[in-house]
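Under our numbering, the sequence shown is numbered contiguously, ending at residue 150.
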Amino acid sequence: MDFVAQAESQLQEVKRISPNVAAIIDSEVPNRGSMLAADRQGFFEACKRTGVDCHILERRAFENYLSDRAVKAVKGPKYRALQEFERLRDAQPSWGKDENWRIVRTMTKDEWSNDLGDFISRL
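Next comes the structure, spelled out in structure tokens:
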């Protein structure tokens, strides 16, 4: 079974639990206008075929949406927000992905004025 068919099968199983399923996936693109990797595009297509509301982030990854204020509030003044397409591992210092939730919970509604915030708002 190829990747897309497997993803479609798994999404159908998730929809058996609840028909209200949404997905957010990192684009992992290095810059604006770059093409999505085939596996990410395939997952998006599988979502469409199974009726899963899917949003591909315009920026590289979820961490690229965390505000500088929130990053500094949680991690301290030596930390900073990522640029739109910067990799978390390239930031110095960086933080663990398992710390994102702490940063997110300090963000204000105004800091979500972007494609991700718009998607979440309409759910």
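Ideal placement from N, C-alpha and C gives every residue a C-beta, glycine not left out.
| Query | Result |
| --- | --- |
| Check whether isoleucine 52 and leucine 84 have beta carbons under 8 Å apart | yes |
| Rounded C-alpha distance that separates glycine 78 from glutamate 90 | 27 Å |
| Per-residue burial, proline 130 [other beta carbons within 10 Å of its own, 16 or more giving buried] | A quick correction: the sequence has isoleucine, not proline, at residue 130. Buried, by the Cβ-count rule. |
| Host beta strand (DSSP E) of aspartate 142 (start-end) | Where aspartate 142 is concerned, there is no enclosing beta strand (DSSP E), although the alpha helix (DSSP H) it sits in stretches over 142 to 149. |
| Own chain residues within Cβ distance below 7 Å of glutamate 72, not counting five before or after | Val31 |
| Buried or exposed by the 16-neighbour rule on C-beta atoms within 10 Å, applied to leucine 150 | exposed |
| Serine 36 to glycine 103 span [Cα, whole Å] | 43 Å |
| Residues of its chain near phenylalanine 146, where Cβ-Cβ distance is below 6 Å and the 5 sequence neighbours each way are ignored | His82 |
| Presumed contact (8 Å Cβ cut-off) between glycine 69 and alanine 34, rounded CB distance | 7 Å |
| Nearest candidate by alpha-carbon position, reference alanine 50, set Leu38, Arg43 and Ile44 | Leu38 |
| Start-to-end residues for the alpha helix (DSSP H) that takes in alanine 32 | 30 to 44 |
| Bridge partner(s) assigned by DSSP for cysteine 81 | Ala50 |
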